[in-house]
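J.: Here's a structure for you.
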Amino acid sequence: MHRVLRASQLNGERRAQRPPQSHSVPRLRADAPNQVWTWDIAKLPTQKRGEYLSLYVVLDLPMSEAQFKTMKYQLDYPRRFDGYDHAMRWCQDYVSWYNHQHHHSSLAGFTPYQVFSGEYQDIAHVRQQALDEAFAKHPQRFSQGRPLVKLPPAEVCINPIPAEADQSTIETGVNFPTLPRVKQKAI
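Just so we're aligned, residue 119 is where the sequence shown starts under my numbering, counting upward by one.
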């Protein structure tokens with residue numbers, strides 16, 4: 119019977135199948151705060167085996183995944199939480215530390231708050247003055263020439279447009295099914 123079905127091409131999946139989908143790739147770019155926001159969810163284990171709390175995070179582009187890795191590698195990260203209140207207290211302390219005290223390597227050693235608020239520009243000016251003074255006193259210590267303060271990136275992207283991209287690769291927006299409805303409600 120299988121040979122007969124195979125010869126008639128009737129031996130495969132007989133249920134109606136959805137045709138293959140082709141979705142555009144979201145290509146997002148931000149060159150200032152509040153232009154692109156990202157979200158992510160992390161599961162926080164509780165003392166009860168198999169029970170997890172969901173931590174939802176909304177951040178200005180990018181770094182929600184980097185933020186979760188930083189969180190889970192903290193020395194005081196409680197591998198299991200006693201419950202919702204314990205997780206809430208720990209996460210509030212962590213978010214405050216992350217935003218105001220954590221000097222992020224991807225942000226050139228500035229805190230997320232300093233970059234978001236624009237404070238980093240004043241701090242960079244002070245750092246540059248200190249470097250200029252050090253260079254004036256001991257130029258022989260700087261084999262690469264006059265040192266410059268590293269600044270956070272001027273723009274960040276999700277799925278940046280490749281240099282060899284053709285016009286079909288470059289999009290005018292993000293292809294999310296609910297986006298038109300959200301835009302209509304805003305009007």
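Note that CB positions come from ideal geometry on N, CA and C, so glycine has one too.
(1) Out of Pro270, Ala254, Cys275 and Pro271, state which residue places its alpha-carbon closest to the alpha-carbon of glycine 263.
(2) Assuming the contact rule is C-beta atoms closer than 8 Å, proline 163 and tyrosine 174 should be a hit. Round their C-beta distance to whole Å, please.
(3) In whole angstroms, what is the alpha-carbon distance linking glutamate 273 and aspartate 250?
(4) Compute the distance between the beta-carbons of glutamine 165 and aspartate 203, then report whether it is under 9 Å.
(5) Taking DSSP's pairing of strands, which residues face threonine 229 in a bridge?
(6) Alpha carbon to alpha carbon, how far is leucine 177 from arginine 124?
(7) Where glutamine 69 and proline 278 are concerned, what is the direct C-alpha to C-alpha distance, given to the nearest angstrom?
(8) Which value, in whole angstroms, describes the spacing of the CA atoms of leucine 266 and serine 172?
(9) Would you tell me roughly how many angstroms separate the C-alpha atoms of proline 270 and proline 137, rounded to the nearest one?
(10) Let me check understanding here. Comparing Cα to Cα, which of Lys187, Gln192, Met189 and Trp157 lies closest to leucine 179?
(11) If you draw a straight line from the alpha carbon of arginine 198 to that of isoleucine 276, how long is it in whole angstroms?
T.: The structure says:
(1) Ala254
(2) That pair is no contact at about 16 Å.
(3) 27 Å
(4) no
(5) BP columns for threonine 229 are empty, so no partner.
(6) 54 Å
(7) One cannot answer for residue 69 here, as it falls past the ends of the chain, which runs 119 to 305.
(8) 42 Å
(9) 44 Å
(10) Trp157
(11) 32 Å
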